[in-house]
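Report on the following structure.
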Amino acid sequence: MNERESGPWFGEFGGSFAPETLMASLNELDEAWRTDGQSAGFRAELAGLLRDYAGRATPLTPARRLSAELGCEGWLKREDLLHTGAHKLNNALGQALLASRMGKTRILAETGAGQHGVATATACALLGLECVVFMGSVDADRQRPNLLRMELLGARVELVEHGQRTLKDAINEALRTWVGDPAAHYLLGSALGPHPFPALVAGFQQVIGVEARRQVLEQAGALPQVVVACVGGGSNAIGLFRAFVDDEGVELVGVEAGGEGIAGGRHAARFQGGLPGVLHGCHTWLLQDEDGQILPTHSVSAGLDYPAVGPEHAQLQADGRATYSACEDAQALEAFDTLARLEGIIPALESSHALGWVMEERAELAGKRVLINLSGRGDKDLASVFALRGKGNP
Amino acid sequence: MSAADETPPTDELLAGNRLVRATQALRERDARGIAPYLTAGDGGLESTLAVLHALDQGGAHCIELGLPFSDPIADGPVLQAASARALDTGTTLPETLEMLRAFRAAGGGVPVALMSYANPLLRHGLDETVERAAAAGADALIVPDIPLEEGALLVGACATAGVCPVFFAAPTSSDERIRRAGARSRGFLYVVGRTGVTGGGTTFDAHTQSFLARARGLSAAPIAVGFGIATPADVRAATTHADLAIVGTALVRRLHRTEAAPDARAGAAAAFLAELQAGLA
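Going line by line, the protein sequences match chains R and U.
Okay, so the first sequence: first residue is 194 according to my numbering, each after it adds one.
Okay, so the second sequence: first residue is 22 according to my numbering, each after it adds one.
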């Protein structure tokens, strides 16, 4: 465990803002992560699952035609090729294995785009754990294939019908259920929430960056100048960024959901339109009104449609080590199409935000080596993309 | 976030605090009390003001006044809906404090414990908000998402304002945590009767009673038990070991079934409090 993973605070962000009923479970999880989670036995078992079951290492693909089109040297970290089609499985396997070794038999999880729900249902099927996934009914409608996959995998999906009926409301309901059943393990899907989740999830996702850094050195012979990832809660991004934080010449760029534009207020760009505060257990940047009520969010991508960002990103931003930009729905949809046509890869709408930013910034990025996290595949998004086209969007 | 002072308000600073005096008086007489909870602005702040007066005149020992929040993770469906209704009518923290000031100005004397999730307090500035709450007539502050781990924030803000910081104990809390929470709380320690969100039923069986007895024994502060107390029989069972029984969801449900006119809500609150008082020994 390195220093970055040790405590509840990332600078002035993070913390343990959870109801007392959950503190015993959170402290038990923290203890298990510090002890068993760092043991050679656990590490070996997880590494075996990641290699033999999930399909790690994932490739680093030179994006030749996209690079020619944009005038930069683009590299894609292929988390879309991981089993279940997104980076989420790294964390789901890690936490489910840890929970199983803690003697837990019941797993609770939230999901937005459905990728974390599918990954959790998968890990639970593999390890023989009971699985309940909370999903907003709006998200269930726009990510229906993932809903069906979770059910096939033996999970029970609880639709959440209050609030905006998206990821935030699913987390609310998962937390409430956990308060009533603290013996269960809550398998939180992003690098946010109360301690130890931000550090725990980042710890399980940093395999992305460790591999990518080694691969880019092997394949390109040098580090990238720019590393780019989309940021909802930010687990794929923190998993990639951690490996490059100490490489001073490497620029780290997180891309939030710009929705229909920051000015109009329909977006999920916390660093552009938010302020620090406390939601879902941690102190971080939030979209909130002047009375501290959490604001509705909008993104074409269910996985980025969330009003808070992981606290480690808030620290990287405060330290000036990473910058956070936004990509609007229209640019993300254009990137979705572009990657499919130029590289034969259909990206998740979440990952399309990272690609969309690269396409927008092509002049700035000209001639640079750019590593992009392709955090997931886009099959789940086909129905909503075609529905949007029917409404006259690109 | 600033590292704040860990020392709770001194007894001297709290000498005039209504809640401290009320719970000390209960202990001295070995008596028990009822602390109704309501969500500020559910039905409009005018109704809330009328209900506060009705509960005060009806003999409530303390009132827990909840500030609405968009994402109340420790609350069940009834209090979630109350928060949403209050926000829909435009209730804000500053307006709620103004209403509390009006309650005091009109002679309202019952201790009032404000309950708020952390974010609205932080958004308005925690220290400034607690100062303003104290000036408006609040006696205590309960923050369900500030556990002991972040308790320095709450204690620090309360220490200078002369407001009681209130921490929680739950059935999942170790003896050590209950002792620490009781030592850092003033007025009372909020004991959650069962593992779960607000509302629903708490069964006061031997298991629950033994937990409440454990909490009473470990806490330096008096204890208030809440979550799922709905009937006079619940009040009787809850106050076997607890100094105060907090009745929230049942009252909020009763008020919501009554028309929103302030007089109607005040009448419903007074009638329900009178029913519950039959449960006090």
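Every residue, glycine too, gets a C-beta built ideally from N, C-alpha and C.
So, helix, strand or coil for residue i, using DSSP?
i      : result
Q357/R : coil
Y58/U  : strand
L162/U : strand
G569/R : strand
V270/R : In the sequence as displayed, the identity of residue 270/R is Lys instead of Val. Reduced to three states, the DSSP call for K270/R is strand.
H228/U : helix
E444/R : strand
G87/U  : strand
L380/R : coil
G207/R : strand
L82/U  : Sequence inspection shows His at residue 82/U; the Leu mentioned does not correspond to that position. Correct three-state label for H82/U: coil.
G518/R : One point to set straight first is that residue 518/R is Ser, not Gly, in the sequence displayed. If DSSP states are grouped into helix, strand and coil, S518/R belongs with the strands.
T304/R : strand
G593/R : Outside the displayed span of chain R (194 to 587) sits residue 593/R, for which this structure offers no information.
V256/U : helix
Check for me: the alpha helix (DSSP H) holding residue i runs from which residue to which?
i      : result
L215/R : E213 to R227
H166/R : Only positions 194 to 587 of chain R appear in the structure, and residue 166/R is not among them; the question remains open.
I401/R : V400 to Q412
P338/R : R337 to L345
P469/R : Not the alpha helix (DSSP H): P469/R falls in the beta strand (DSSP E), residues L468 to L472.
V246/U : Segment I244 to G247 is the beta strand (DSSP E) holding V246/U; no alpha helix (DSSP H) there.
V176/U : G172 to A182
L301/U : Per DSSP, L301/U belongs to no alpha helix (DSSP H) and is neither H nor E.
Does the Cβ of residue i have 16 or more other Cβ atoms within 10 Å, making it buried, or fewer, making it exposed?
i      : result
N195/R : Low per-residue confidence applies at N195/R: pLDDT is 40, beneath 50, and the placement is therefore not dependable, though the value from the model is reported in the following sentence. The residue in question, N195/R, is exposed, as its Cβ has fewer than 16 Cβ neighbours within 10 Å.
P93/U  : buried
E295/U : For clarity, residue 295/U is Ala in the given sequence; the question names Glu instead. With fewer than 16 Cβ atoms within 10 Å of its Cβ, A295/U is classed as exposed.
R153/U : buried
S240/U : buried
E171/U : buried
A234/U : exposed
K270/R : buried
S492/R : buried
G560/R : exposed
L345/R : exposed
S195/U : exposed
G228/U : The sequence shown places His at residue 228/U, rather than the Gly named in the question. Label assigned to H228/U: exposed.
D522/R : buried
R87/U  : Reading off the sequence shown, one finds Gly at residue 87/U, where the question assumed Arg. G87/U should be labelled buried.
R555/R : exposed
A24/U  : The predicted position of A24/U is uncertain, since its pLDDT is 43 and thus under 50; a value taken from the coordinates is nonetheless stated next. Exposed, because fewer than 16 other Cβ atoms sit within 10 Å of the Cβ of A24/U.
A519/R : buried
G513/R : exposed
K584/R : exposed
E404/R : buried
T193/U : buried
L341/R : exposed
S232/R : exposed
L567/R : buried
Q412/R : exposed
Would you mind reading off the limits of the beta strand (DSSP E) that contains residue i?
i      : result
R244/R : No beta strand (DSSP E) contains R244/R, which DSSP labels as neither H nor E.
P255/R : L253 to P255
I199/U : Run containing I199/U: none in the beta strand (DSSP E); it sits in the alpha helix (DSSP H), D196 to R205.
M136/U : V133 to M136
G97/U  : Counting along the chain, G97/U falls outside any beta strand (DSSP E), and DSSP gives it neither H nor E.
H476/R : C475 to L479
C324/R : E323 to G329
I267/U : L265 to V268
C185/U : C185 to V187
Please determine whether the Cβ atom of residue i lies at a distance below 7 Å from any heavy atom of the ligand PLP.
i      : result
R582/R : As presented, the structure is devoid of all ligands, the ligand PLP included, so that no description of it is given.
Name, going along the chain, the residues of the segment 442 to 475 of chain R whose beta-carbon falls closer than 9 Å to a beta-carbon of chain U. L468, P469, G470, V471, L472, H473 and G474
What residues from the segment 206 to 230 of chain U come within 7 Å of chain R, judged by C-beta to C-beta, listed N to C? V213, T216, G217 and V218
Listed from N- to C-terminal order along the chain, which residues in the segment 475 to 486 of chain R have their beta-carbon within a distance smaller than 9 Å of any beta-carbon of chain U? H476, L479, Q481, D482, E483, D484, G485 and Q486
Give the residues from the segment 182 to 194 of chain U that approach chain R closer than 7 Å (Cβ to any Cβ), ordered along the chain. F189, A190, A191, T193 and S194
Which residues, in order along the segment 158 to 171 of chain U, keep a beta-carbon less than 7 Å from a beta-carbon of chain R? P165, D166, I167, P168, E170 and E171
Go through the segment 33 to 80 of chain U residue by residue and report every complete run of the beta strand (DSSP E) that reaches 3 residues or more, in order. 54 to 60
Chain U contacts made by the segment 231 to 243 of chain R, where a contact means CB separation under 9 Å: none
Interfacial residues, the segment 383 to 406 of chain R to chain U, with Cβ spacing under 7 Å: none
Every unbroken alpha helix (DSSP H) inside the segment 103 to 157 of chain U [4 residues or more]: 114 to 126, 139 to 144 and 147 to 157
Interfacial residues, the segment 140 to 151 of chain U to chain R, with Cβ spacing under 8 Å: N140, P141, L142, L143, R144 and H145
If the cut-off is 8 Å on Cβ atoms, which residues from the segment 270 to 304 of chain R count as contacting chain U, listed in chain order? none
What alpha helix (DSSP H) runs, 4 residues minimum, are completely inside the segment 518 to 548 of chain R? 522 to 536
For the segment 114 to 131 of chain U, which residues have a CB atom closer than 7 Å to at least one CB atom of chain R, in sequence order? L114
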